[in-house]
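Under our numbering, the residues of the sequence shown are numbered 1180 to 1532, in order.
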Amino acid sequence: MRINLEKAGPEIRRVNLGERSYDVVIGRGILGRAGEYLPLQRKVLVVTDSGVPKAYAEAAAACCREPVICVIGQGEENKNLASFEMLLRAMLTHGFTRKDCVVAVGGGICGDLAGFAAASYMRGVDFYNIPTTVLSQVDSSIGGKTAINLDGIKNAVGAFYQPKKVLIDIDVLKTLDRRQISAGLAEALKMSVTFDEELFRIFEDFAPEEEGIEENLERIIARSLAIKARVVEQDEKEQGLRKVLNFGHTIGHGIESQCLDGSLYHGECVAIGMLPMCSPAVRERLLPVLEKLHLPTGCVMDPDKVAEAVRHDKKSEDGKVTIVETDRIGTYRLESVSYEVLREKVAMVVRPR
Ligand code: GLY
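Pasting the structure below:
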């Protein structure tokens, strides 16, 4: 069934986490009405990044009594201590107290940084997230993972810190280009492959020659969010089930870390990283979907370096790496594999120069 938010008005999905429960409001045009949904009659640090249209942070700021807009640089390299410090100093300089709050208006990097600053300032102030990319709308804005990178280690320092509310405005996606949309959809695809065959069929059935994937975004976002919320409700701190959301990320992160010119987006690395984790039957269904979305299915770089980066990143005490695999769409299996097995999987999608 097609969800038509324009007619139906915003949808609300509750994330049930006891006293840390919160609502995710999904609608169109709600960024400009943020004040109707969020208690912004106080000092508000509005955190955005230089790649997000200025108008978005300004629209959120216009709903606040005392907004302070902080713009961080675009890109993963800015998810660092310097940006974190800038946010904390901005709050300190403007006399923020524990009653004030932080609102992120941007993608996953912005949400991670703003959330961690909110978690840390005065031992925690309220945090609200207004994600503006597909990736952050389907995945990273929900679940309370906040972090910064340190010394080249992704998410080395961070906290589980749930937002008080998440506002998802589908209209803001209009300013994204097709490549950014597809890269974000890789995270939704990941959830469909491991948890939800019906969601996978939306990807499988759409015909790019007749309609853009944009036509299906509302359905995809709503379904992905429901999966994400269900997983986080069962395993907030990633003790078990939440690890399944790392499907495609083990090799994906290895590729990302070796992609020194930044020419591949995170979601594109995840797309490549999913393929070696699938049975031949699943791969046969996934490949045409990736191709339809213009997502890469392999890359050229040193496979040894990629495998080494994965080993460094994910190694457990017995030298093995836990990966998420799937034998059938909508199912998953956690497996502990040796470095040699991992190296073979890397070689399936990473070709040497
Ligand atoms: N993005 C994966 C997670 O939130 O666990």
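Just so it is clear, CB atoms sit at the ideal spot from N, CA and C, and this is done for glycine as well.
Pick from the options that is closest to residue i, judged by C-alpha positions
i            : options                   : result
residue 1363 : 1372, 1224 and 1352       : 1352
residue 1256 : 1516, 1464, 1440 and 1501 : 1440
residue 1252 : 1293, 1280 and 1301       : 1293
residue 1254 : 1286, 1277, 1260 and 1234 : 1286
residue 1223 : 1236, 1229, 1232 and 1259 : 1236
residue 1226 : 1259, 1267, 1197 and 1283 : 1283
residue 1387 : 1365, 1406, 1357 and 1400 : 1357
residue 1435 : 1347, 1331 and 1457       : 1331
residue 1516 : 1528, 1328, 1467 and 1497 : 1497
residue 1392 : 1406, 1407 and 1365       : 1365
residue 1217 : 1346, 1310, 1267 and 1270 : 1346
residue 1209 : 1385, 1310, 1269 and 1221 : 1310
residue 1191 : 1328, 1319, 1240 and 1348 : 1348
residue 1245 : 1524, 1228, 1457 and 1278 : 1278
residue 1383 : 1321, 1327, 1468 and 1433 : 1468
residue 1394 : 1350, 1433 and 1415       : 1350
Pairwise C-alpha distance: residue j and residue i
i            : j            : result
residue 1193 : residue 1409 : 10 Å
residue 1355 : residue 1291 : 20 Å
residue 1189 : residue 1243 : 21 Å
residue 1486 : residue 1429 : 10 Å
residue 1298 : residue 1304 : 6 Å
residue 1390 : residue 1231 : 26 Å
residue 1417 : residue 1323 : 11 Å
residue 1360 : residue 1313 : 6 Å
residue 1514 : residue 1289 : 32 Å
residue 1479 : residue 1445 : 16 Å
residue 1396 : residue 1204 : 16 Å
residue 1307 : residue 1344 : 5 Å
residue 1530 : residue 1442 : 16 Å
residue 1275 : residue 1476 : 47 Å
residue 1207 : residue 1213 : 11 Å
residue 1406 : residue 1437 : 30 Å
residue 1455 : residue 1374 : 18 Å
residue 1511 : residue 1333 : 25 Å
residue 1525 : residue 1385 : 30 Å
residue 1457 : residue 1247 : 46 Å
residue 1401 : residue 1241 : 27 Å
Cut-off 6 Å between Cβ atoms - residues of its own chain near residue i, not counting five sequence neighbours on either side
i            : result
residue 1431 : 1448, 1449 and 1452
residue 1403 : 1317, 1367 and 1370
residue 1325 : 1291, 1294, 1295, 1298, 1337, 1338 and 1340
residue 1471 : 1387
Those residues which DSSP pairs with residue i across a bridge
i            : result
residue 1204 : 1191 and 1346
residue 1530 : 1479
residue 1246 : 1223
8 Å Cβ shell around residue i - same chain, five flanking residues per side excluded
i            : result
residue 1483 : 1522
residue 1265 : 1249 and 1251
residue 1201 : 1193, 1194, 1341, 1342, 1343, 1344 and 1345
7 Å CB neighbourhood of residue i in its chain, flanking five on each side removed
i            : result
residue 1413 : 1420
residue 1508 : 1372, 1376, 1379, 1461 and 1464
residue 1238 : 1210 and 1211
residue 1474 : 1361, 1365, 1447 and 1450
Beta carbon proximity, residue i to chain C, threshold 8 Å
i            : result
residue 1339 : The question asks about chain C, but that chain is absent: this structure has only one protein chain.
- Query: Counting pairs of beta carbons, one from the segment 1256 to 1276 and one from the segment 1196 to 1216, are three or more of them closer than 8 Å?
  - Reply: In short, these stretches do not touch, since the Cβ pair count stays below three.
- Message: Using a Cβ distance threshold of 8 Å, determine whether the segment 1411 to 1427 contacts the segment 1502 to 1517, with at least three qualifying pairs required.
- Response: Touching, per the Cβ criterion.
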